[in-house]
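To start, the structure itself, in structure tokens.
2 protein chains.
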Amino acid sequence: MASVSRVLNGLPATEEMVERVQRAVEQLGYVPDSRARSLKVGRTFQLTLAVADVGNPVYVTMMRAVEEVVSAAGYRLVVTTTGPDVVDEVALVRGMARGYADGLVISPLRVDDDLIKSIQECEVPVVVAGNVPARAGVDTVRANSPKGMLLAVEHLLAKGRRRIAFVNGPVDTVPGAARAKGFAEAMKANGLQPVAEVEAVDFTFPAGREAGDELFSKLDNRAPLGLDAVIAANDLLAVGLMHELAARGLVVPDDVAVVGMDDSELAEQSFPPLTSVNLGSAERGRRAAELLLARIEDDTRAPRRIVVQPTLSVRKSTP
Amino acid sequence: MASVSRVLNGLPATEEMVERVQRAVEQLGYVPDSRARSLKVGRTFQLTLAVADVGNPVYVTMMRAVEEVVSAAGYRLVVTTTGPDVVDEVALVRGMARGYADGLVISPLRVDDDLIKSIQECEVPVVVAGNVPARAGVDTVRANSPKGMLLAVEHLLAKGRRRIAFVNGPVDTVPGAARAKGFAEAMKANGLQPVAEVEAVDFTFPAGREAGDELFSKLDNRAPLGLDAVIAANDLLAVGLMHELAARGLVVPDDVAVVGMDDSELAEQSFPPLTSVNLGSAERGRRAAELLLARIEDDTRAPRRIVVQPTLSVRKSTP
DNA sequence: GTGAAAGCGCTAACAA
DNA sequence: TTGTTAGCGCTTTCAC
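Protein chains in written order, with full-length UniProt numbering: chain A, 1 to 319; chain B, 1 to 319.
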């Protein structure tokens with residue numbers, strides 16, 4: 001009956017009708033089917049957030065921020081994991097055509113032309129939390145990695161550390177590439193040469209440990225501890241690295257200072273608490289969600305590219 | 001056209017028809033609408049996992065396990081967060097009647113009669129990863145907290161620690177209540193009296209620090225450090241506590257041994273690495289997912305109640 | 001093996 | 001203001 005639908009959607013009806021419907025709904029425990037509804041009205045009132053790895057605490061921060069904005073606007077947020085492969089990301093974006101949600105926030109680890117194409121062709125609005133080329137013409141919210149690296153390097157410099165090594169994640173990823181570029185620039189701008197650079201296999205804790213090990217095998221030929229500071233591309237790598245340092249009897253920050261990136265919950269949980277570059281993951285999440293909502297309202301707006309500026313959260317891992 | 005549907009669903013068709021459809025699909029980029037499909041067939045091929053707090057690493061482990069089982073069975077997993085309030089959990093369960101998914105795995109932090117009722121009345125099968133009364137008649141997979149506590153206490157005892165304190169989470173939660181009971185039993189079974197017990201406001205890192213602080217204010221009246229070991233109700237509390245210990249100049253494990261629970265990724269990431277009771281979160285996730293799939297196949301089966309046995313992961317936070 | 005047609009549960013347009 | 005009806009996009013009879 002159409003009157004039920006009207007009452008439930010708050011459209012005009014007699015007081016008596018409203019009451020009659022409410023009683024029936026109560027009695028039968030009736031709940032409208034969202035699939036049928038969305039099939040009819042063309043909207044699901046659900047939004048999807050896709051992240052590469054739920055184990056990475058930076059996504060926790062982002063997720064919370066997105067959830068907040070989105071639920072305040074009356075949407076349900078569903079989170080899915082893509083894994084590290086770009087093909088799975090593409091599959092997910094393509095899959096949005098099945099009508100799972102009204103929009104998508106995706107934070108892709110790797111980007112290729114297929115992914116960009118799938119985003120451009122996507123049935124529903126997509127906002128990228130990360131860096132895609134401007135020519136892609138999609139809404140993006142990204143961090144300023146170079147600026148973040150500058151904060152890290154200059155902080156270390158101010159603390160008298162000049163022999164700086166760098167533990168990056170895979171450079172074929174979006175953040176990996178950005179960090180590599182940013183680190184090189186920041187070092188150059190300060191007239192420094194990196195003591196060593198290693199590339200971890202991914203952005204996880206165990207990869208950080210392994211990268212630490214590799215770092216030392218590279219340095220073994222050098223003078224008595226050729227480094228006094230390490231910058232890691234994210235907090236998980238930084239913490240893995242600190243474990244490797246400890247295993248070698250080195251004290252953070254006395255022997256080696258460590259700076260992470262993301263300023264995730266892990267940074268304050270680690271010991272010593274980790275000085276970390278806050279790349280604004282909460283704000284990026286918030287802005288991405290807002291962009292998505294705006295895009296859903298008006299699909300003709302010109303794509304926006306928002307850059308969130310970093311800050312440095314100084315903790316005990318640097319002197 | 002019905003033939004398209006047949007081809008796409010692998011029903012018998014001429015080779016020519018198959019090819020014709022495939023070409024058209026390719027050309028138009030056609031993707032079937034899952035809402036319309038599920039409206040017709042009555043299944044969404046989606047499953048929901050609801051957790052209280054995405055920031056708790058124990059859920060990461062569980063999520064991964066559920067995801068693996070579920071996707072192998074051809075289902076899509078969507079994750080939603082409920083928050084700590086039981087009313088939101090109830091709302092989520094009730095909301096499943098809207099047809100979001102074919103089943104639900106929920107790991108409730110707090111359980112009341114409303115929640116049990118909503119689960120019993122739920123339109124789709126629900127598996128509880130946690131403890132609900134047997135009379136509820138629902139599939140459950142739960143940990144054996146008492147046994148886990150026994151492992152923790154006996155391990156400490158074997159290491160010569162007898163002055164044991166306990167940092168629990170809120171006792172009005174399912175895990176909080178189970179831990180409290182388990183701790184009391186385990187201590188009693190070994191003829192020990194707890195040195196002190198505190199109840200954190202929730203199961204988070206900052207709550208662990210505060211609880212540590214409270215612990216010391218309780219102990220100040222006692223002999224020179226009245227305790228030599230602390231058991232925490234989960235890893236986040238344990239890590240928070242360790243920070244508080246460090247802030248007071250105490251060394252783990254030399255001065256105070258610490259045992260956590262959950263054996264999450266955080267346990268190995270923390271420093272020193274945390275000895276932790278593995279309550280089988282991965283296995284619980286796996287079993288819960290399997291139970292859900294089985295229940296979807298056959299809704300007449302008697303409810304099963306699976307208990308996963310704990311093990312102890314010994315690391316450096318105990319001597 | 002294929003096309004036509006009904007219908008899943010809802011809402012928007014129309015008529016009363 | 002309310003009831004009737006069509007149709008969202010799909011699958012599944014049912015004839016052919």
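For each residue, glycine too, the CB sits at the ideal point set by N, CA and C. Predicted model only: the values in this text are computed from it and were never measured.
Contact of V79/A with chain B is assigned, a C-beta pair being separated by under 8 Å. Only those residues of the segment 66 to 96 of chain B whose C-beta falls short of 8 Å from the nearest C-beta of chain A are listed: E67, R76, L77, V78, V79, T80, T81, R94 and G95.
Taking A211/A as reference, the option from S145/A, R110/A, E244/A and T61/A with the minimal CA-CA separation is E244/A. Annotation: Cβ neighbours of Q269/B in chain A (cutoff 9 Å, chain order): F205, L236, V239, G240, H243, L266, Q269 and S270. Here D254/B carries a coil assignment [DSSP, helix/strand/coil].
Within chain B, the residues placing a beta-carbon under 7 Å from that of A246/A are F271, ordered along the chain. Bounds of the alpha helix (DSSP H) holding D235/A are D235 to A247.
Within the segment 153 to 189 of chain B, the alpha helix (DSSP H) runs of at least 4 residues that lie entirely inside it are, in chain order, 174 to 189.
Under the three-state reduction of DSSP output, L192/A falls in the coil class, being neither helix nor strand.
Using a Cβ-Cβ distance cut-off of 8 Å, the segment 112 to 125 of chain A and the segment 235 to 244 of chain A are not in contact, since fewer than three pairs of beta carbons, one from each stretch, lie closer than that value. Restricting attention to beta strand (DSSP E) runs no shorter than 3 residues, the segment 254 to 298 of chain A encloses them at 257 to 261 and 275 to 278, ordered along the chain.
Here A165/A is near P194/A, since their CB atoms are less than 8 Å apart.
Those residues of the UniProt domain "HTH lacI-type" (1 to 41) of chain A placed with their C-beta closer than 9 Å to a C-beta in chain B are G29, Y30, V31, P32, D33, S34, R35, A36, R37, S38 and L39, ordered along the chain.
Pairwise C-beta distances place the segment 101 to 109 of chain A out of contact with the segment 248 to 260 of chain A, as fewer than three of them are shorter than 8 Å. Sequence-distant partners of V25/A (beyond 5 residues in either direction) whose C-beta falls short of 8 Å from its own C-beta, in its chain, are V4 and L8. By the Cβ rule, the segment 290 to 302 of chain A does not count as touching the segment 260 to 273 of chain A, because fewer than three pairs are nearer than 8 Å. In this structure, D228/B places its C-beta atom within 8 Å of the C-beta atom of R161/B. The beta carbons of P108/A and V54/A sit no closer together than 8 Å.
Its chain contains V308 as the residues whose beta carbon lies nearer than 6 Å to that of E283/A, once the 5 sequence neighbours on both sides are disregarded; these appear in chain order. Here the C-alpha atom of R94/B lies approximately 11 Å from the C-alpha atom of V126/B. It is roughly 8 Å from the alpha-carbon of K159/B to the alpha-carbon of T318/B.
Of the other Cβ atoms in all chains shown, 16 or more fall within 10 Å of the Cβ of D202/B; this residue is therefore buried. Minimum Cα-Cα distance from V230/A among the listed residues D213/A, F216/A and V259/A corresponds to V259/A. Cα atoms of R163/B and R287/A: separation of roughly 50 Å, rounded to the nearest angstrom.
Secondary structure note for L28/A: its alpha helix (DSSP H) is the uninterrupted segment E15 to L28. By the CB criterion at 8 Å, G280/B and A180/B fall outside the cutoff. What G55/B touches in chain A, judged by beta-carbon distance under 7 Å, is V60 and E265, going in chain order. Scanning G191/A, E199/A and T48/A for the CA closest to the CA of V128/A turns up T48/A. The residues F166, in chain order, have a CB closer than 6 Å to that of E197/B in the same chain once the five nearest residues on each side in sequence are set aside.
Neighbourhood of M63/A in chain B, by CB distance below 7 Å: V54, in chain order.
Between A200/A and G208/A, the gap from beta carbon to beta carbon is short of 8 Å. A contact is defined here as three or more CB-CB pairs under 8 Å, and the segment 32 to 51 of chain A meets this definition with respect to the segment 68 to 88 of chain A. Residue pairing of Q46/B in beta bridges, as defined by DSSP: R76/B. At a beta-carbon threshold of 7 Å, none of the residues of chain A lie near G160/B; the nearest stands roughly 25 Å away. Counting only Cβ-Cβ distances below 9 Å, R98/A has contacts in chain B at V31, P32, D33, S34, R35 and R37, in chain order. Bounds of the beta strand (DSSP E) holding V105/A are L104 to I106.
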